[in-house]
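In terms of the working numbering, the sequence shown has 364 at position 326, counting the first letter as 1, and numbering is strictly consecutive.
Each residue gets a CB set at the ideal place from its N, CA and C atoms; glycine is no exception.
Okay, structure first, notes after.
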Amino acid sequence: MKTFDLVVVGGGAAGLVVAGGAARLEVEVGLVEHKKLGGNCLHYGCVPSKALLHAAKVIGYLREGRTFGLDVPEDLPDFGKIMDYGRRVQAVLGEHDTPERFEEKGVRVIFGKPRFVSPTEMEVDGRKLGSKRFVLATGSRARVLPIPGLEEVGYITNVEVFGLRELPESLIILGGGPVAIELSQAFSRLGSRVTVLEKMSQILPREEPEAAQALQKILEGEGITFHTGIEIKRLEKQEGEKVVFLEKAGKEMRVQGKEVLVALGRSPELEGLNLEEAGVQFTEKGITVNAALRTTAKNIWACGDCIGGHLFTHVAEYEAGIVVRNAFSPLRKKADYGIVPRATFTDPRNWRMSGLRKRKRRKEASPM
Numbered sequence: 039m040k041t042f043d044l045v046v047v048g049g050g051a052a053g054l055v056v057a058g059g060a061a062r063l064e065v066e067v068g069l070v071e072h073k074k075l076g077g078n079c080l081h082y083g084c085v086p087s088k089a090l091l092h093a094a095k096v097i098g099y100l101r102e103g104r105t106f107g108l109d110v111p112e113d114l115p116d117f118g119k120i121m122d123y124g125r126r127v128q129a130v131l132g133e134h135d136t137p138e139r140f141e142e143k144g145v146r147v148i149f150g151k152p153r154f155v156s157p158t159e160m161e162v163d164g165r166k167l168g169s170k171r172f173v174l175a176t177g178s179r180a181r182v183l184p185i186p187g188l189e190e191v192g193y194i195t196n197v198e199v200f201g202l203r204e205l206p207e208s209l210i211i212l213g214g215g216p217v218a219i220e221l222s223q224a225f226s227r228l229g230s231r232v233t234v235l236e237k238m239s240q241i242l243p244r245e246e247p248e249a250a251q252a253l254q255k256i257l258e259g260e261g262i263t264f265h266t267g268i269e270i271k272r273l274e275k276q277e278g279e280k281v282v283f284l285e286k287a288g289k290e291m292r293v294q295g296k297e298v299l300v301a302l303g304r305s306p307e308l309e310g311l312n313l314e315e316a317g318v319q320f321t322e323k324g325i326t327v328n329a330a331l332r333t334t335a336k337n338i339w340a341c342g343d344c345i346g347g348h349l350f351t352h353v354a355e356y357e358a359g360i361v362v363r364n365a366f367s368p369l370r371k372k373a374d375y376g377i378v379p380r381a382t383f384t385d386p387r388n389w390r391m392s393g394l395r396k397r398k399r400r401k402e403a404s405p406m
């Protein structure tokens with residue numbers, strides 16, 4: 039059985055920072071990933087979404103140029119070429135996250151599905167690994183709720199949406215959070231007829247109502263339809279279209295479109311890890327950790343999306359630094375979420391520093 043000083047489970051933003059940081063301490067590090075390095079941000083999140091948003095923004099400006107007398111073709115855009123552009127961006131940035139690069143740093147990269155057999159042992163596709171320490175950085179996946187008819191009708195999430203080759207004529211988005219709102223504007227500018235369905239009374243429920251309302255008004259001006267304060271009852275397929283039946287203020291409504299995008303938040307990616315055997319407690323929101331990001335098993339830490347909280351790449355990388363320090367140094371450090379910057383990358387952007395008011399009241403400094 040191969041043994042390590044540290045085994046990192048998950049090759050996304052948090053896991054790569056932990057593995058790279060620990061390798062610099064000249065300890066033996068293993069990195070286990072069951073798909074491909076780079077995680078959600080590189081493959082299904084930040085990178086492809088921002089590439090798509092940028093392309094949509096440019097196309098929006100081109101169309102607006104007709105107002106100023108510019109001769110702009112009517113057949114904008116070529117959706118397939120736009121998606122190819124996103125893949126080229128991914129390829130360039132992905133050069134930093136290759137197995138070869140981390141092997142050169144001294145990290146042993148192991149591909150396969152991991153599961154704990156004890157607090158100090160793990161199996162990866164039948165191969166046993168032992169380690170003094172483990173770090174869980176398994177990320178998150180799209181939350182899909184058990185809505186009647188959803189599975190039968192079919193849907194896409196943030197994973198499948200960036201693999202599309204043809205622009206949907208019409209798109210229904212379930213959810214009104216940052217992912218939903220960013221993609222609503224992108225697809226609308228590219229030419230889709232977009233409808234957003236949000237159960238809360240406003241889009242971007244975590245943001246200030248005034249900011250959310252102002253952004254919604256701008257997006258409505260671009261042709262996007264919003265239904266907030268609704269309850270989705272069921273989905274059906276009728277005459278080649280997907281139909282969402284919903285209730286709003288006691289009245290039944292129906293919305294139909296060619297495609298349905300589910301953007302109802304995120305769930306921790308913990309399936310198959312057998313965390314019970316390791317003594318690691320967790321809930322539907324994520325792995326339970328203390329302020330030092332240690333789990334209920336004394337030799338196991340966790341960071342990134344899999345612990346819930348602030349699901350951002352910059353927060354995951356910050357937590358990864360805390361974990362490396364606490365796993366190998368007697369000088370323990372607690373994670374400080376006093377100020378966490380975040381943005382919804384629409385045009386215009388919705389930017390916010392959560393925790394700023396609390397910090398002003400306490401007059402405390404924060405490393406973030």
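Quick one: measure Cβ to Cβ for residue i and residue j, integer angstroms, because I've assumed they're closer than 8 angstroms.
| i | j | result |
| --- | --- | --- |
| Val55 | Glu355 | 5 angstroms |
| Gly346 | Arg227 | No, Gly346 and Arg227 are not in contact; Cβ-Cβ is about 32 angstroms, not under 8 angstroms. |
| Gly317 | Thr334 | 6 angstroms |
| Asn337 | Arg171 | 5 angstroms |
| Ala60 | Val362 | 6 angstroms |
| Thr136 | Leu75 | 7 angstroms |
| Gly310 | Arg153 | 6 angstroms |
| Pro184 | Gly124 | No, Pro184 and Gly124 are not in contact; Cβ-Cβ is about 31 angstroms, not under 8 angstroms. |
In the DSSP output, which residue or residues are listed as bridge partners for residue i?
| i | result |
| --- | --- |
| Met391 | Pro379 |
| Val67 | Leu44 and Val145 |
| Phe320 | Ile325 |
| Lys187 | A quick correction: the sequence has Gly, not Lys, at residue 187. Answer is none; Gly187 lacks a bridge partner. |
On the DSSP letters alone, give me the boundaries of the beta strand (DSSP E) that residue i sits inside.
| i | result |
| --- | --- |
| Ser305 | Arg304 to Pro306 |
| Leu174 | Arg165 to Leu174 |
| Phe283 | Glu279 to Lys286 |
| Ala180 | Ser178 to Ala180 |
| Phe154 | Pro152 to Ser156 |
| Phe200 | First-last for Phe200: undefined, no H or E at that position. |
| His265 | Thr263 to Thr266 |
Between residue i and the rest of its own chain, which residues show a CB-CB distance below 6 angstroms, the 5 nearest in sequence each way excluded?
| i | result |
| --- | --- |
| Val191 | Leu273, Lys275 and Lys280 |
| Ser392 | Val378 |
| Ala224 | Leu90, Leu91 and Ala94 |
| Ser222 | Ile211, Val232, Val234 and Ile262 |
For the alpha helix (DSSP H) containing residue i, name the first residue and the last one.
| i | result |
| --- | --- |
| Phe350 | No alpha helix (DSSP H) holds Phe350; DSSP gives it neither H nor E. |
| Ala340 | Premise fails: Ala340 lies in the beta strand (DSSP E), Ile338 to Ala340, not in any alpha helix (DSSP H). |
| Lys255 | Pro247 to Gly259 |
Less than 8 angstroms between C-beta atoms, sequence neighbours within five positions excluded: which residues of the same chain meet that for residue i?
| i | result |
| --- | --- |
| Val182 | Leu188, Tyr193, Thr195, Val300 and Leu302 |
| Ile268 | Leu235, Glu236, Lys237, Leu284, Glu285, Lys286 and Met291 |
| Glu402 | Residue placement at Glu402 is flagged as unreliable, the pLDDT there being 44, under the threshold of 50; a coordinate-derived value is accordingly withheld. |
| Leu202 | Phe117, Met121 and Ile194 |
Under 7 angstroms Cβ to Cβ from residue i, same chain only, skipping five residues before and after it: list those, please.
| i | result |
| --- | --- |
| Thr382 | Pro216, Ile219, Glu220, Leu242 and Asn388 |
| Lys370 | Contrary to the premise, residue 370 reads as Arg rather than Lys in this sequence. Taken in chain order, the residues that qualify are Ala330 and Asn364. |
| Thr326 | Gln319, Phe320, Thr333 and Thr334 |
| Ser404 | Any reading at Ser404 must be qualified, since the residue scores a pLDDT of 39, below 50, and its modelled position is unreliable; the value itself is stated next. Closer than 7 angstroms at the Cβ level, and outside the excluded window around Ser404, lie Asp374, Gly376, Ile377 and Arg397. |
Q: Please list the segments of the alpha helix (DSSP H) lying wholly inside the segment 91-139, counting only runs of 4 or more residues, in order along the chain.
A: Restricting attention to alpha helix (DSSP H) runs no shorter than 4 residues, the segment 91-139 encloses them at 117-132, ordered along the chain.
Q: Entirely within the segment 213-251 and at least 3 residues each: give me those beta strand (DSSP E) ranges in chain order.
A: Listed in chain order, the complete beta strand (DSSP E) runs (minimum 3 residues) inside the segment 213-251 are 231-236.
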